[in-house]
Amino acid sequence: MDLRIGLVSISDRASGGIYEDKGIPALKAWLGNALATPWKSIERLIPDERELISGTLVELVDIEGCSLVLTTGGTGPAPRDVTPEATIDVADKVMDGFGEQMRSISLKYVPTAILSRQVGVVRKHALILNLPGQPKAIGETLDGIFPAIPYCIDLVGGARIETRPEVISSFRPKKK
Amino acid sequence: MDLRIGLVSISDRASGGIYEDKGIPALKAWLGNALATPWKSIERLIPDERELISGTLVELVDIEGCSLVLTTGGTGPAPRDVTPEATIDVADKVMDGFGEQMRSISLKYVPTAILSRQVGVVRKHALILNLPGQPKAIGETLDGIFPAIPYCIDLVGGARIETRPEVISSFRPKKK
Amino acid sequence: MDLRIGLVSISDRASGGIYEDKGIPALKAWLGNALATPWKSIERLIPDERELISGTLVELVDIEGCSLVLTTGGTGPAPRDVTPEATIDVADKVMDGFGEQMRSISLKYVPTAILSRQVGVVRKHALILNLPGQPKAIGETLDGIFPAIPYCIDLVGGARIETRPEVISSFRPKKK
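Line by line, the protein sequences give chains A, B and C.
Residues 290 to 465 (my numbering) are what the first sequence spells out, left to right.
Residues 290 to 465 (my numbering) are what the second sequence spells out, left to right.
Residues 290 to 465 (my numbering) are what the third sequence spells out, left to right.
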């Protein structure tokens, strides 16, 4: 099973060409450095529209066969921030621990981390995670949560992910 | 845009005159000390009735134009504790980070902090937060979360809040 | 009011006789060591079936009169893990602080703790808590959260629980 990873940047301004998207490049740089397993990215740059976001997530999991989908942007309190709602719309299970832990990590850097509504959910054989919008915060967050991601994807039947241990360790509990 | 802040004490006993309300005085004392922006309080003392609470929150935001509404009381596990339910009833967005962080702060003081179900939500141009019932816990909680509040209210289009930096700092990330 | 505690081990394999259940023995050992109040356990070993789990929880609270029900197993991201859903199905109130705190405790031991979806809920006069599946993790979790449990059960009208202070302290705030 090939490892395919969906990267979705959600921003009215970046998708409208008003400024350059920095989210997908940051995600690709982090993953390119951390993953030992060969992987292919499937990329989307879309505006903050709830149905478009949820439709894109469904396409990436159900049609494109991604085992992991990372979004960036759209998780704040503003009216146009609807990434978490769109992600929960397509969830089989909401994984509260990811949201809690992502906020806890970011809180070490900025007190406004508690304003993020980012969530992690399982859909079919895939894990979908909302990451922050800022490249620096993307890296900080992935450093903190990635150790738990490969095992989560094992448990839902997605592709096996190995990391480069000198960059990031992945943790799989010993079988009972 | 004037800064108006709703203060809602929710307690069967205090609203029934069985004991004196200490929630609103504690909220006013903390805010009076911390805020640099001139502000006006709109105060309500009501019993633990879900529809009355949610109706009061709607009135304070939609009619009275409050940018921030702070409730005190009614967040525990007992049958009459319905403040979180009433708050979620009128939410546009639930901000999970506030509940997590408020419990995390109180947990430094008492192990029963995990029994609090307090939430933070956005409604229109306002942030609504459930605070603990005890005056001491009100202050501890506001000390911990207030740095993120002015920026949150900026993002939803409420009034600008400046704090006295010698009392409490407020944090606004630099514009991208 | 007698103290009755429901112990529910949820596992397709253990309930099918494929391997020996280690969850209920671990729960009984921990409680036997920690509780000063005399108590009686009501035990169930059932497969990962959502309606069977929720039906069992209702029976233990409504018919058997348990003030505390502890489940073990079925809280991960896999398709057959449905314990949290079944628990929320029968909840009067979801107590988010328990899930947050249980993950926070386990995170000190394994990074995959964030994959647990365990919840705590109130139903009538009882507290229902999802614990991890592994005996070692059961003990670590109960050590961390039990101090808040007796007071929670007081607040919902269940039986009074006293602990052995040399093993685990229970915390009851002083009356206002």
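Ideal Cβ placement from N, Cα and C applies to all residues, glycine included.
Among the options, the one whose alpha carbon lies nearest that of residue i
{"i": "A/Leu341", "options": "A/Leu320, A/Val411, A/Pro436 and A/Ser304", "result": "A/Ser304"}
{"i": "B/Asp337", "options": "B/Leu324, B/Ala367 and B/Val379", "result": "B/Ala367"}
{"i": "B/Thr401", "options": "C/Phe387, C/Lys311 and C/Glu451", "result": "C/Phe387"}
{"i": "C/Trp328", "options": "C/Asp385, C/Gly365, C/Tyr440 and C/Ile294", "result": "C/Ile294"}
{"i": "C/Thr360", "options": "C/Arg461, C/Leu416 and C/Arg453", "result": "C/Leu416"}
{"i": "A/Val347", "options": "A/Asn322, A/Lys413 and A/Glu389", "result": "A/Lys413"}
{"i": "A/Ser356", "options": "A/Asp432, A/Val383 and A/Leu296", "result": "A/Leu296"}
{"i": "C/Tyr440", "options": "B/Ile313, B/Pro454, B/Val399 and B/Thr326", "result": "B/Val399"}
{"i": "B/Asp370", "options": "B/Pro454, B/Asp381, B/Gln407 and B/Val350", "result": "B/Gln407"}
{"i": "B/Glu455", "options": "B/Ile394, B/Lys397, B/Pro314 and B/Asn322", "result": "B/Asn322"}
{"i": "C/Arg453", "options": "C/Ile438, C/Thr326, C/Pro462 and C/Lys463", "result": "C/Thr326"}
{"i": "A/Pro373", "options": "A/Arg339, A/Ala318 and A/Pro314", "result": "A/Arg339"}
Backbone CA spacing between residue i and residue j [nearest angstrom]
{"i": "C/Leu320", "j": "C/Gly446", "result": "21 angstroms"}
{"i": "C/Asn419", "j": "A/Gly306", "result": "48 angstroms"}
{"i": "A/Pro436", "j": "A/Val410", "result": "16 angstroms"}
{"i": "B/Glu353", "j": "B/Arg333", "result": "12 angstroms"}
{"i": "C/Tyr308", "j": "C/Asp301", "result": "10 angstroms"}
{"i": "B/Met290", "j": "B/Val350", "result": "14 angstroms"}
{"i": "C/Phe460", "j": "B/Glu389", "result": "21 angstroms"}
{"i": "B/Asp432", "j": "C/Pro462", "result": "22 angstroms"}
{"i": "A/Asp381", "j": "C/Ser393", "result": "23 angstroms"}
{"i": "A/Val358", "j": "C/Ile438", "result": "38 angstroms"}
{"i": "A/Pro314", "j": "A/Val379", "result": "25 angstroms"}
{"i": "B/Leu292", "j": "B/Ala318", "result": "17 angstroms"}
Residue i Cβ short of 7 angstroms to the ligand FMN heavy atom set
{"i": "B/Asp378", "result": "Absence of the ligand FMN from the depicted structure is noted, as is the absence of any ligand whatsoever, leaving it without description."}
Terminal residues of the alpha helix (DSSP H) in which residue i lies
{"i": "B/Gly388", "result": "Asp385 to Ser395"}
{"i": "C/Ser458", "result": "That residue, C/Ser458, is in no alpha helix (DSSP H); it is neither H nor E in DSSP."}
{"i": "A/Gly344", "result": "Arg339 to Val347"}
{"i": "B/Val445", "result": "Ile438 to Val445"}
{"i": "B/Ile427", "result": "Pro424 to Ile434"}
{"i": "A/Leu334", "result": "Per DSSP, A/Leu334 belongs to no alpha helix (DSSP H); it is in the beta strand (DSSP E), Trp328 to Ile335."}
CB contact flag (residue i, residue j, <8 angstroms)
{"i": "A/Ser405", "j": "A/Ala375", "result": "no"}
{"i": "C/Gly363", "j": "C/Ile299", "result": "yes"}
{"i": "B/Lys311", "j": "B/Pro421", "result": "no"}
{"i": "C/Ala448", "j": "C/Ile457", "result": "no"}
{"i": "C/Thr430", "j": "C/Met391", "result": "yes"}
{"i": "A/Leu324", "j": "A/Ile450", "result": "yes"}
{"i": "A/Ile403", "j": "B/Ile377", "result": "no"}
{"i": "B/Ile335", "j": "B/Thr345", "result": "yes"}
{"i": "A/Gly365", "j": "B/Leu396", "result": "no"}
is_contact[residue i, chain B] using C-beta, thresh 8 angstroms
{"i": "C/Cys441", "result": "yes"}
{"i": "C/Ala380", "result": "no"}
{"i": "C/Asp432", "result": "no"}
{"i": "C/Pro454", "result": "no"}
{"i": "A/Ile299", "result": "no"}
{"i": "C/Val358", "result": "no"}
{"i": "A/Ser405", "result": "yes"}
C-beta neighbour in chain A for residue i, strict 8 angstroms
{"i": "B/Ala375", "result": "no"}
{"i": "B/Asp351", "result": "no"}
{"i": "B/Pro462", "result": "yes"}
{"i": "B/Ala437", "result": "yes"}
{"i": "C/Arg339", "result": "no"}
{"i": "B/Val408", "result": "no"}
{"i": "B/Val347", "result": "no"}
Beta carbon proximity, residue i to chain C, threshold 8 angstroms
{"i": "B/Val399", "result": "yes"}
{"i": "A/Asp385", "result": "yes"}
{"i": "A/Gln390", "result": "yes"}
{"i": "B/Ala402", "result": "yes"}
Host beta strand (DSSP E) of residue i (start-end)
{"i": "B/Ser298", "result": "Leu292 to Ile299"}
{"i": "B/Gly409", "result": "Gly409 to Arg412"}
{"i": "B/Leu416", "result": "Ala415 to Leu420"}
Chain E contact residues for residue i, given Cβ-Cβ distances below 7 angstroms
{"i": "C/Leu444", "result": "Of the chains in the structure shown, none is chain E; the protein chains are A, B and C."}
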